[in-house]
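Enquirer:
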Amino acid sequence: MTDTRTSRRLPRTVSAPAALPPVGLEGLDPEWSQLVEVAESNSTGEVRHGWHLLDNGPQLDALGVIPVGTILCVHGNPTWSYLWRGLLSSAADAAASGALAWRVIAVDQLDMGFSERTGGVRPLARRVQDLGDLTDALDLAGPVVTLGHDWGGVVSLGWAVDHPELLAGVMLLNTAVHQSAGDPIPAPLRLALGRGILGPVTVATPAFLATTLALAHPSLSTEVKRGYRAPYLTRARRGGIGGFVVDIPVALSHESRPELDRIAEGARALAVPTLLLWGPRDPIFSDRYLDDLARRMPHARVHRFEGAGHLLAEDADYAAAALLWLGDAVTATPDDAANAVTSPSRNGDLGKLDQRMGASSTLLTAVLGSEAASLSPLVELAETAIGGPQAAWEAAGTHPLWYYLDELQNSDETALVDMQPAPRTVSWRLLSRRVRQIAAGLVFIGVKPGDRVSLLVPPSADLTAVLYACVRIGAIVVVADAGLGLAGLTRAVRGARPDFVIGAAPGLMAARALGWPGRKISTARFPAAMAALLSIEHTLAELVQLGEARLDADDALPPKPAPTDPAAVLFTSGSTGPAKGVVYTHGQLSAVSNALYLQYGVGVGTGLVAGFAPFALLGPALGARSVTPDMDVTAPKTLTATAVAAAVASIDATVVFLSPAALVNVVATAGALTPADHAALAGVQRFLSAGAPISESLLAQAAALMPQATAHTPYGMTEGLLMADITLEGIRAAAASVSMPRRADAAAHDGESDPSTASLPDTAVSASSTGGDGEAALIATSAEVNPAGGVCVGGSTQTTRIRISALDASGASVGELSEQPDVTGEIVVSAPHVKDHYDRLWLTERASRRGGVPGERWHRTGDVGHLDSAGRLWVEGRMPHVIVTAGGVVTPVGPEQRIETLPDVARAAFVGVGPVGTQQQVAVIETVPPARSVHRASAPLAAAVRAAVGSPVAAVLVVPGLPTDIRHNSKIDRSRLSRWATGILAGGRWTKP
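Per the numbering used here, the very first residue in the sequence shown carries number 153; after that it's consecutive.
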């Protein structure tokens, strides 16, 4: 081996033969371990090395099963094959259960783990050859799927590039194949390479190993740490750790740089199915390395495990994800494969793997069953643009988002009004010209179709102009609103990896402080020193000037995007976990506009007041004039009735959209309205409120402020913005159509009825209820079984279909999609305006499409509910909040509604604590008047709550306030409350949730 100056800084190591790991390491089956003698290729004389590897092949032989392929696993530094123990175990268990059998071979690279210590430093090219020597010695036959982590990812990719005749797929965990000469290597590696540090940290002491093991989230157990340390107990056995660090090709002149570049370029030619699983909390291989891999292998399916880091194999269930992906690949049909290839918005092509394996679809169905077949890849019918974008738009039957900006470019009518800091009117003529100028300016500074542009601009004319300029030139806008909170916004922006960031001062300062990626563009001018500090390259005014010059020079804008081109990444509210990026195509966003037009008549001439900023951005796409009221968008409760009236008056609005949280304060501040305000509100024709459940009484109070308006509560989510709709009259009709339970407090309160939305008994299915074949019976509500209650959100909108996937007794949504009334299950929707896919969340996307109709785009909402006999949808809660007790399944909204009928209760949350299947029901309530501290409910109040619920309640806890999401200030975080209540009832401190 070549001895570089850096390698001479390492302590001298000695040769040692390969050995077997000690017995008793956590999770490591001794039957997997093998020692193999391998001849070194291209060596002078007969050089042989001893390898240690893990292999579940003998176990598969004992089971009498034939593997469909081999997964070749390569660890990085400073781990060893122990990293892959979960996959070996899961693969063996799957084979034993009758699923597809995969042979898993996990190697210890030379000088690492329990393989031979060669006494020298082995550069990257030699390690790639070493792995090839081993597979030759094993006489490994295809198909082979490689799996690598850290520098094992590079080595495994090198093997993949060199063995196309055997390669069937590639899987990678946090790794890198390219280091740009202009970018520094990660800080921990720079530190390890420092003079006087390299040897002591990597070889002389176990510091490098200990630091790596400390990167796990959550922390590793003592036994697992013992497993990782087992091969590296002395400095003599840690030489390979230092050797790997030495081999990092920091400089272009480094010995391993040519091999790294060869592998990086070779990866571009790998057309096999690829899976990238990533931990974004990795201080070594950050998302920029994921971006590079995704650019080289654009067909790859990608899943980022939020909260996971460098040791992804310990932080998340990567083994289940890998086997699921492989199962999808094998069960893909030829049609699936063809569609996956022709649909660039999908996450990759899995069709080639089953072709290489030569597996019969009939045989696979027999092995896996029909359920597995229904879980095959997430593919919808591809939309092929024939005749260019214009023909594609005509075929789609909708207009592009910028259509009215072109049609009304010579109109001096109002397009939008800015209410902050003072009302400012923008005409269609000015908005259209500004959009074209900014678009041309963005092109001039290097923004290309497909580039991501993060918009950190508050609702304003600037935001509208920038957004439409971006979509016109084919850039993908990333809209992560401030309502996510700083931590959520940071996760969202980093996860979306924008190429450019356009922001106002608060957004740009946050981007600087928190290291958000992307070239920076400011909406305002800053002093030179501040602009330099914030890394601002351009201002919006400069883009306008540059764009005007380019337009005057007759420079054309890029071709118009097609309906199938990606247009935006929007983010969910994060109310049930980290906010998820949701990708929409141009056609799907146009379909949202079309749905609003068809359902509410919002179009040319309509005045739209949007108290929820994203809807204001749709105004120009509809040809409507729009305005966002004077409010803090991060705190909807700051909206006042007078602010709404002023916004209505500014554009003669006929449609008003407000969130439920905003609505509460609007009603509360109605006393400040003047006669002129009331006159303005009297011109409103349609009033909408959505984002969280809303009571009939609150909707009625708001509707009274707009006496000529029809009040609506649309049902939807970020993934599908308008799925169902109900009017105030519809809510009252729904309440009248069901039998209201006798209120627990009726006698004490003179039988007064509560005018809120229908409150119904909850459904419970006995855990012992089974069908004739022993399978768990599905939850059903009928005349014999009390209905489940919930919030009625009405019927489907004109372009939407709604189905229910019934729950079984374990709370899983396993039923076929059905319109059968009174069946509780997961709500599943289909519409032209449903999202395209989740951004870099392949597992989440796959789960959201499960059980959908092939060739159609269906989405599992994560909400649970039922349809009634009139076809109306009732929402009973969220799937993660379903409670599974020993007596059956309970959905939370029904009990919460009944608790909220009590006069001493302002709001309630109903949660489960304990193991699924034996969960206990707990009520967490806000009281009237509000409590000052957390405590148990008084005996009379607790008794009233239990009577209202009608089933066992283990505890009734009182809190000053229930935790809600930031964006809407109204979605109760039941998961957080469940964890909190679990701690309280286990003897923990009585802290606020």
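For glycine and all other residues, C-beta sits at the position ideal for the given N, C-alpha and C.
(1) Kindly provide the ranges of any alpha helix (DSSP H) runs that are 4 or more residues long and lie completely inside the stretch 602 to 643, ordered along the chain.
(2) So, with DSSP's three-state summary, where would you put leucine 205?
(3) Can you list, in chain order, the residues of its chain whose CB lies under 6 Å from that of arginine 1126, leaving out five sequence neighbours each side?
(4) Just reading off the alpha helix (DSSP H) that lysine 377 is part of, what are its end residues?
(5) Going straight from the alpha carbon of threonine 691 to that of valine 397, what length do you get?
(6) Taking all protein chains shown into account, decide if glycine 379 is buried (16 or more other Cβ within 10 angstroms of its Cβ) or exposed.
(7) Give me the residue from Leu365, Ala168, Glu1052 and Leu709 with the minimum Cα distance to glycine 271.
(8) Output the boundary residues of the beta strand (DSSP E) element that contains phenylalanine 764.
(9) Does the Cβ-Cβ distance between alanine 656 and threonine 642 come in under 9 Å?
(10) Could you tell me how far apart the beta carbons of leucine 873 and histidine 738 are, in whole angstroms, since I believe they sit closer than 8 Å?
(11) Would you mind sorting asparagine 194 into buried or exposed? The rule is 16 or more other CB atoms within 10 Å of its CB.
(12) Taking leucine 557 as the reference, which of Ala1138, Ala773, Pro812 and Ala632 has the closest Cα?
(13) Does any CB atom of chain C fall closer than 9 Å to the CB of glycine 334?
(14) Please report how far the alpha carbon of asparagine 817 lies from the alpha carbon of threonine 790, in whole angstroms.
(15) Given histidine 864, which residues of its chain have a CB within under 6 Å of its CB, disregarding the five upstream and five downstream residues?
(16) Got a sec? Which residues, its chain only, sit under 7 Å from proline 1145 by beta carbon, not counting five neighbours each side?
(17) Have a look at Ala747, Ile436, Ala621 and Tyr384 and flag the residue whose alpha-carbon is nearest the alpha-carbon of alanine 344.
(18) Under three-state DSSP, which class holds glutamate 1028?
(19) Taking Cβ to Cβ, would you say glycine 418 is nearer than 9 Å to asparagine 326?
(20) Bridge partners of serine 579, per DSSP?
(21) Going by CA-CA distance only, name the one from Pro1082, Ser371, Gly637 and Gly647 that's closest to proline 658.
(22) Let's test the definition: count the other Cβ atoms within 10 Å of the Cβ of leucine 815 and tell me whether it reaches 16, buried, or not, exposed.
(23) On the three-pair Cβ rule with 8 Å, is the stretch 745 to 763 touching the stretch 791 to 811?
(24) If you follow the beta strand (DSSP E) that isoleucine 1169 is part of, which residue opens it and which one closes it?
(25) Taking all protein chains shown into account, do 16 or more other C-beta atoms lie within 10 angstroms of the C-beta of arginine 164, making it buried, or fewer, making it exposed?
(26) Residues in its own chain within less than 7 Å of glycine 394 by CB, not counting five upstream and five downstream?
(27) Judging by CA-CA distance, which residue of Asp707, Gly265, Gly346 and Val329 is the nearest neighbour of serine 438?
(28) Kindly indicate which three-state DSSP category glutamate 1078 falls into: helix, strand or coil?
(29) Specify, as a first and last residue, the run of the beta strand (DSSP E) that methionine 323 falls within.
(30) With a Cβ-Cβ cutoff of 9 Å, do glutamine 860 and glycine 835 count as a contact?
(31) DSSP puts methionine 869 in a beta bridge; with which residues?
(32) Please list the terminal residues of the continuous alpha helix (DSSP H) segment that includes proline 812.
(33) In terms of DSSP beta bridges, what is threonine 298 paired with?
(34) Taking only runs of the alpha helix (DSSP H) that begin and end inside the stretch 259 to 308, which ones reach a length of at least 4 residues, in chain order?
(35) What ranges does the beta strand (DSSP E) occupy inside the stretch 678 to 729, keeping only unbroken runs of at least 3 residues that lie completely in it?
(36) Can you give me the C-alpha to C-alpha distance between alanine 693 and leucine 741, rounded to a whole angstrom?
Expert: Quick look at the numbers:
(1) 613 to 624
(2) strand
(3) His1033, Ala1061 and Val1063
(4) 374 to 381
(5) 43 Å
(6) Result: buried.
(7) Ala168
(8) Note, phenylalanine 764: premise wrong, no beta strand (DSSP E); not H, not E.
(9) Contact: no.
(10) Not really, about 15 Å apart at Cβ, beyond 8 Å.
(11) exposed
(12) Ala773
(13) This model lacks chain C altogether; it includes just one protein chain.
(14) 7 Å
(15) Excluding residues within five positions, the ones whose Cβ falls inside 6 Å are Leu840, Asp877 and Thr879.
(16) Val1111, Pro1115, Arg1128, Leu1129 and Trp1132
(17) Ile436
(18) strand
(19) no
(20) Thr566
(21) Gly637
(22) buried
(23) yes
(24) Given that the chain is displayed from residue 153 to residue 1145, the structure contains no residue 1169 and the question cannot be resolved.
(25) exposed
(26) Leu162, Leu350, Gly351, Thr354 and Val355
(27) Val329
(28) strand
(29) 319 to 324
(30) yes
(31) Note: methionine 869 sits in a beta bridge opposite Gly872.
(32) 812 to 820
(33) Leu224 and Val322
(34) 276 to 289
(35) 688 to 691 and 718 to 723
(36) 28 Å
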